[in-house]
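Undergrad: Residue numbers (UniProt numbering): 1 to 341. Note that the Cβ used here is the ideal one computed from N, Cα and C, for glycine as well.
1) How many Å lie between residue 61 and residue 130 at the Cα?
2) Could you spell out the range, first to last residue, of the beta strand (DSSP E) harbouring residue 316?
3) Kindly indicate which three-state DSSP category residue 86 falls into: helix, strand or coil?
4) Quick check on the DSSP output: the alpha helix (DSSP H) that includes residue 231 runs from which residue to which?
5) Per DSSP, which residues does residue 221 bridge with? Please list them.
6) Can you tell which of 120, 177 and 201 has the C-alpha that lies nearest to the C-alpha of residue 188?
7) Can you give the Cα-Cα distance for residue 244 and residue 142, rounded to whole angstroms?
8) Might you give, ordered along the chain, the residues of its own chain that have their beta carbon closer than 6 Å to the beta carbon of residue 254, omitting 5 neighbours on each side?
9) Taking only beta-carbon positions, decide if residue 261 is within less than 7 Å of chain C.
10) Would you kindly work out how many angstroms separate the C-alpha atoms of residue 24 and residue 236, rounded to a whole number?
11) Could you spell out where the beta strand (DSSP E) holding residue 292 opens and where it closes?
12) Once DSSP output is grouped into helix, strand and coil, what is the label at residue 133?
13) Just the Cα atoms here: how many angstroms apart are residue 303 and residue 221?
14) Applying the criterion that 16 or more other CB atoms from any shown protein chain within 10 Å of the CB defines a buried residue, is residue 206 buried or exposed?
15) Provide the residue(s) that pair with residue 243 in DSSP beta bridges, ordered along the chain.
16) With a Cβ-Cβ cutoff of 7 Å, do residue 316 and residue 307 count as a contact?
17) Below 8 Å on the Cβ atoms is my guess for residue 85 versus residue 42; work out the distance and round it to an integer in Å.
18) Alpha carbons only, please: which of 154, 21 and 318 is nearest the one belonging to residue 110?
19) Is the segment 132-148 touching the segment 92-108 in the sense that three or more CB pairs, one from each, lie closer than 8 Å?
20) Buried or exposed: residue 215, going by 16 or more other Cβ atoms within 10 Å of its Cβ?
21) Rounded to the nearest angstrom, what separates residue 73 and residue 98 at their Cα positions?
22) Flag this pair as touching only if the segment 226-240 and the segment 265-279 have three or more C-beta atom pairs under 8 Å; answer yes or no.
23) Use the C-beta contact count for residue 230: other C-beta atoms within 10 angstroms, 16 or more gives buried, fewer gives exposed.
24) Let me confirm a value: residue 191 is counted as buried when at least 16 other C-beta atoms fall within 10 Å, else exposed. Which label applies?
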């Protein structure tokens, strides 16, 4: 046989599951109920003593105000001598301690959950015109370093006092990648692991965090690159440049064996759905999507992301292996003149 406590626990659990802030609402209702009941007791004892002490408040509203003050501040009043008032006053104090102890615990837990959620890297990215890197492999850090070198070269050109004071004299970036923030989305590593790897690589390359800082200019997020919801969370429909990196899951099995680049193909199809279902794709006329592949795939014919305003294909296939990345790095370093700030 079910008891009243079982039904109450069932209702409370359903309310908490349906509403994220249900605990705060329940605490508010409990506090209001306690104050009303204690105010009723205070009013009853005040009414009994009204003939002896006519200066005492006789209204229930005034009793509510007194009760709220005591519950909220645990104030002391040495003028209370009536046993009934003393008992109600003690109940008010203990009720205030109990309610505020629960409130502090709930606020602390909510703050810890908020901080833990930020550390998990699953919050939404409300950026636009950014560079999006999907996936993680051994070349991802190198690509991020090359983008940081481009950012450094462009910012060094605009760090003169004339271009700092007069923005219209600044040099325009040669590519949107040099100006836009970088967002990395992967489910292989945690946010802290990605940030540590990037910071270690930046230290090796002599890149100062003054111009490109991990966490400010390079944002790491946890998610599945093949998930439409995760792509929308990092603003894939608002990105100007998207780089799809190969991963260990790029060989997927089927009934006949294996086909190459399965993960990349699913990611590109997810990008296509996001672009076609978005209400607005602000940079579609100047968008570029680059997919890293070791060789061409017969399945690429089914991926059509469209063309830009100048007739260029949005989707491009490149081979970003370690050797090519190192060659690009050497060319950028020669153009930059130095590998350190």
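TA: Quick answer:
1) Distance between residue 61 and residue 130, taken at the CA atoms: about 58 Å.
2) That run of the beta strand (DSSP E) goes 315-318.
3) In the structure shown, residue 86 sits in a helix (DSSP, three-state: H, G or I).
4) Boundaries of the alpha helix (DSSP H) around residue 231: 228-233.
5) Note: residue 221 sits in a beta bridge opposite 185.
6) Cα-wise, what sits closest to residue 188 is 120.
7) Near 14 Å, if we compare the C-alpha coordinates of residue 142 and residue 244.
8) At residue 254 the pLDDT is 46, less than 50, meaning the model places this residue with poor confidence; the figure from the coordinates comes in the next sentence. Cβ neighbours of residue 254 beyond the five flanking positions: none.
9) This model lacks chain C altogether, as it is built from one protein chain only.
10) The alpha-carbon separation between residue 24 and residue 236 amounts to approximately 35 Å.
11) First-last of the beta strand (DSSP E) with residue 292: 288-292.
12) Looking at residue 133 - three-state DSSP - the assignment turns out to be strand.
13) Spanning the two alpha carbons is a distance of roughly 26 Å.
14) With fewer than 16 other CB atoms across the displayed protein chains lying within 10 angstroms of its CB, residue 206 is exposed.
15) The partner list for residue 243 (beta bridge, DSSP) reads 133 and 290.
16) No, they are not a contact pair.
17) Indeed they touch by this definition, with Cβ atoms about 7 Å apart.
18) Ranking the options by Cα distance to residue 110, first place goes to 21.
19) In short, these stretches do not touch, since the Cβ pair count stays below three.
20) The residue is exposed, with fewer than 16 neighbouring Cβ atoms inside 10 Å.
21) The alpha-carbon atoms of residue 73 and residue 98 are separated by roughly 13 Å.
22) As far as the Cβ criterion goes, the segment 226-240 touches the segment 265-279, which means the pair count is three or higher.
23) Buried is the call here.
24) Buried, since its Cβ has 16 or more Cβ neighbours within 10 Å.
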